[in-house]
Every structure is written in C-alpha cells, then in structure tokens.
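If you're matching positions, the sequence shown starts at 0 in numbering that gives the first Met the number 0 and goes up one per residue.
All C-beta atoms in this analysis are idealised placements derived from N, C-alpha and C, irrespective of residue type, glycine included.
Input: a single structure, listed below in structure tokens.
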Amino acid sequence: MKKFQASNGITVLHSNNPTSRAFCVGVWTKVGSRNEKNGEEGLCHFLEHMLFKGTANRSALNISQEIERAGGSLDAFTTKEQVCVYAQVLENHAELAFDILGDMLTHSCYAPEQVALERQVVLEEIHDVMDAPDDLIHDLLAAAIFPDHPLGQPILGRPETVSKFSREMLVSFSRRAFRAGNILIAVFGNIDGRRLRRLCETHFNFPDGHAKLKSRRPGKFLPVRRLYRRNLHHQHLCLGSRACSYLDERRYAIMVLTTLLGGGMSSRLFQRIREEMGLAYNIFTYAEYAKDSGLIGTYLAVNPSKAAKAVQSVLGEFDKARNGDIGKEELRDVKEQLRGKILLGLETSAAKMMRMARNEIYYGRQVSEREIIGKISAVSMDELHNAASEVLSPENTTVISLGPTASGVRVVRR
Numbered sequence: 000m001k002k003f004q005a006s007n008g009i010t011v012l013h014s015n016n017p018t019s020r021a022f023c024v025g026v027w028t029k030v031g032s033r034n035e036k037n038g039e040e041g042l043c044h045f046l047e048h049m050l051f052k053g054t055a056n057r058s059a060l061n062i063s064q065e066i067e068r069a070g071g072s073l074d075a076f077t078t079k080e081q082v083c084v085y086a087q088v089l090e091n092h093a094e095l096a097f098d099i100l101g102d103m104l105t106h107s108c109y110a111p112e113q114v115a116l117e118r119q120v121v122l123e124e125i126h127d128v129m130d131a132p133d134d135l136i137h138d139l140l141a142a143a144i145f146p147d148h149p150l151g152q153p154i155l156g157r158p159e160t161v162s163k164f165s166r167e168m169l170v171s172f173s174r175r176a177f178r179a180g181n182i183l184i185a186v187f188g189n190i191d192g193r194r195l196r197r198l199c200e201t202h203f204n205f206p207d208g209h210a211k212l213k214s215r216r217p218g219k220f221l222p223v224r225r226l227y228r229r230n231l232h233h234q235h236l237c238l239g240s241r242a243c244s245y246l247d248e249r250r251y252a253i254m255v256l257t258t259l260l261g262g263g264m265s266s267r268l269f270q271r272i273r274e275e276m277g278l279a280y281n282i283f284t285y286a287e288y289a290k291d292s293g294l295i296g297t298y299l300a301v302n303p304s305k306a307a308k309a310v311q312s313v314l315g316e317f318d319k320a321r322n323g324d325i326g327k328e329e330l331r332d333v334k335e336q337l338r339g340k341i342l343l344g345l346e347t348s349a350a351k352m353m354r355m356a357r358n359e360i361y362y363g364r365q366v367s368e369r370e371i372i373g374k375i376s377a378v379s380m381d382e383l384h385n386a387a388s389e390v391l392s393p394e395n396t397t398v399i400s401l402g403p404t405a406s407g408v409r410v411v412r413r
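This is the structure we're talking about:
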C-alpha cells in the first residue's frame, strides 16, 4: 500500500491489484453524524443523499446512467464518524469513476426542488425504521447508552429535524465538512501512481484546511431500564452496556466475547435461547466502536409471555462468562472463527478499499490482518474474564424493551 498527499492537500491511499480488472475508489470525509449541531440531527446523512441528486454538469439520472452504462456502480453510507462515497468499475473506466465522484462532491447543486423531494424519501426511510422494531431497538439502545450526546442520536435524524432541512443548511454543512485536510481517497485497483495522482488533483478541488466541527466526549454512563409499549406480536429486547473505543487494546477481548456469546449459530446464546429452549428465532451480540467510546449489545425477540424467562436465561449466560466458565477449546474455536471471518470479509475490492481507509482514519497506519489476528490469538482467559466482568455485570446493564409487556425489564437484577 502506498500513501501520498496530492498537491491539493488530499491524502491518497493506493493498493495495486494487477491480477484483477476490478477497480474501487472511495472518497471519505472524517465527519459523521456525531459532528452535527443541535437541530442538525440527520443532516450528514441527508447530505449524502443529495450528492446523488444532480450537479452543475449532470442530472441525477445522468449520474446513474453514466456509471451503469460502464457496468459500474455508485454507493455511499454515513456513520457516526465518517461519510464515504465510492464507485466500483472495471479498471479501464477508472477515469470515469474519478470524474463522477469529483463532480458529485465538488459541484452538487442541492437544488431546492430536489431537497424537497429527497426530504420525503428520507422521511419514509425514517418511518421504515420506526415501523421495524428489530431496527428501531438498536437506536433506542444507543440513545440510552449515550444520552444527550450525538453518538446516541439516530444517523437518519428525526422527522422534526429532517423536515426543516434547507439548501442553505446543506451548503453550510458541506463547506464545513468537505475540506481538503479532512478528505481521504482510497483506491484498490490496477493504476499507475502518476496517473492516480493526476486524477486526484484534476477532479477534486476542496477548500484548504480541516473541518471546523466540534466533537465532544460522551458523559458518564448510567445504566437504565426502559419500556416502549407497542402492540406487537413479539417483545423485542436489547441488553447493553458502554464499552471501549476502537483505540483501546481491550477491543480484541470484546471481539472474542461478542463472538463467544452471540456471534453465530454455534454461539452460547444461539444454542441456549434458540436451540435448547426454543424461545427466539433470532439472537445475536454485537459491538460498536467510536474514537472515544463504544457499546456492546445483545438483541433477541420473543413471545411476550416468555420475555422474563428469556432475559433471565441471557443473564445466566452473562454470569457464566463473567465467572470464567470458558473452556480452552471453546476459546480456541472462537478465535479461529474470528480469523476466518476477517479473512473472508476481505474478498472484494470494496472491502479491501474500506479496510485500508478505516485503518488510516482510525489508527493513522495500516493494521494488517496478520496483526489483528495475532492480537485476537493473544487474548488470554484473564483478559476475556476482565472484559466480561466490565461489560456484562448486572449493575452496568441497560435494558431496552419494545413491545406489550414489561416483564423482560423487571427481571434484571441491580
């Protein structure tokens, strides 16, 4: 992998891929939903949508037609700390990808009529989440773990904020976010270094400097229990806690712990709650990380009459992990599972581009798969026990319940 700074101030990462015709280029800005001000909740995601809605040189239809005519695709996503817009094409269409991405990011019009139209689309997207309890509950968990903080706000925003977005707000936010010192271009594909530099300098012209956006640390974590009554067939539950950041070495123990508990069909919770007790169709454990904090959560959906029994059983598995009831063979198998997941997750050009970019943004260097796997392999029983004791203790557990009954919330011990 090569790294250089173009004359326009943009940082560029390039990993050559001479054995494949696939070419992927992503443009990242180190700004996400956590950088929004009060009243701007959802603006970063809305801006991502508007990048596809026409430029000074192309209509929205032209953007999609040109890339798809070449057999390629465009996509984008917003996280709490980044926005990425990327293109995948054959290597002979590399210049087209740069041309379109540069046009979208530097010449978008944000036409008022398009803003009004896309506002309705995003409101429908928000309502889709609100109507999907298995999606909504994760936003509710984040809101409880990071109260009164942007990390606890939904990336999509809220209807009352999105309804007020205007062209002027989009232009103002884009000027704050899209600055050369805050932009990273990551390329995975077969291209000459000098040609890559020329494309980056020709098609991207951002103002100098870094984004002037505030980002405050989360406050003290106080676990809560919350019931959101809904007339649903299932009781949807999330049990979670504050966890470490992606800069903390303890994250490797958290990775092992989440996989052990709910990282697949062989995981403890899947086997206990679904296979042995038949209480839930879907149950899993996950972790999310930011630069200064994180969270761990366990989700399940059950018959409301069995919510208390299911939560009690989940807490029982938490207790076993906290008490060190983990065998050497089980730990070895979980580590091997993670090794395979990491390596298999890098089989596409887009995945390799994203890994390269995230390494640079998170750590300022390339963390190899070998290093990550080595860190996971080195997680000891003591480290796993310490992680479990910290994030799975009843006194640190937040419980979110969405459905008709409160029984799953009441069972949690304090």
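Opening and closing residue of the beta strand (DSSP E) in which residue i lies
i	result
residue 401	397-402
residue 227	224-228
residue 281	279-288
Enclosing alpha helix (DSSP H) for residue i [first to last residue]
i	result
residue 295	No alpha helix (DSSP H) contains residue 295, which is instead part of the beta strand (DSSP E) from 293-301.
residue 359	348-362
residue 97	93-106
residue 371	368-376
residue 239	It is not in any alpha helix (DSSP H) - residue 239 instead sits in the beta strand (DSSP E) that spans 234-242.
residue 256	250-261
residue 381	380-390
residue 213	That residue, residue 213, is in no alpha helix (DSSP H); it is neither H nor E in DSSP.
residue 335	327-343
residue 219	From DSSP, residue 219 is part of no alpha helix (DSSP H); its letter is neither H nor E.
residue 47	42-49
residue 317	306-321
Cut-off 6 angstroms between Cβ atoms - residues of its own chain near residue i, not counting five sequence neighbours on either side
i	result
residue 185	12, 25, 352, 355 and 356
residue 90	20, 22, 188 and 189
residue 4	10
residue 152	40
residue 6	200
residue 77	43, 44, 47 and 154
residue 156	40 and 41
residue 75	47 and 84
Min CB distance residue i to chain D below 7 angstroms
i	result
residue 358	Considering every chain present, this structure includes no chain D. It has just one protein chain.
7 angstroms CB neighbourhood of residue i in its chain, flanking five on each side removed
i	result
residue 158	122 and 125
residue 8	179, 180 and 207
residue 342	368
residue 376	334
residue 241	144, 220, 292 and 294
residue 1	13 and 192
For residue i, the residue or residues it bridges with in DSSP
i	result
residue 11	3 and 184
residue 64	DSSP, once it has assigned bridges, lists no residue as partnering residue 64.
residue 23	87 and 187
residue 82	28 and 77
residue 54	107
residue 72	87
Option in the options with minimal Cα separation from residue i
i	options	result
residue 48	166, 19, 287 and 194	166
residue 246	210, 292, 233 and 240	292
residue 424	310, 325 and 393	There is no way to answer for residue 424, as the model of the chain reaches only from 0 to 413.
residue 329	315, 258, 407 and 345	258
residue 144	224, 325 and 298	224
residue 432	364, 88 and 101	This structure does not reach residue 432, given that the chain is present from 0 up to 413, and the question cannot be answered.
residue 277	115, 317, 300 and 287	300
residue 266	317, 221 and 242	317
residue 191	377, 14 and 383	14
residue 236	214, 279, 215 and 264	279
residue 388	252, 137, 359 and 337	252
residue 307	399, 263 and 338	399
residue 169	78, 104, 270 and 321	104
residue 202	102, 146 and 296	102
residue 52	195, 107, 72 and 380	107
residue 401	238, 381 and 210	238
residue 111	164, 408, 322 and 193	164
residue 84	66, 113, 28 and 59	28
residue 173	109, 197 and 274	109
residue 36	297, 60 and 79	79
residue 254	382, 38, 96 and 396	382
Same chain only: Cβ atoms within 8 angstroms of residue i, ignoring 5 sequence neighbours per side
i	result
residue 219	none
residue 345	351, 354 and 368
residue 413	Residue placement at residue 413 is poorly supported in this model, since its pLDDT is 46, which falls under 50; the coordinates still yield a value, given next. Once the five neighbours on either side are set aside, the close Cβ partners of residue 413 are 393 and 394.
residue 244	250, 288, 289, 290, 291, 292 and 293
residue 403	228, 229, 230, 231, 234 and 303
residue 212	30, 34, 175 and 176
residue 248	374
Distance cut-off 6 angstroms: residue i Cβ against heavy atoms of the ligand PLP
i	result
residue 36	No copy of the ligand PLP appears in this structure; indeed no ligand is present at all.
To test your reading of the DSSP string, which unbroken beta strand (DSSP E) runs of 3 or more residues are found completely within the region 121-209? 182-187
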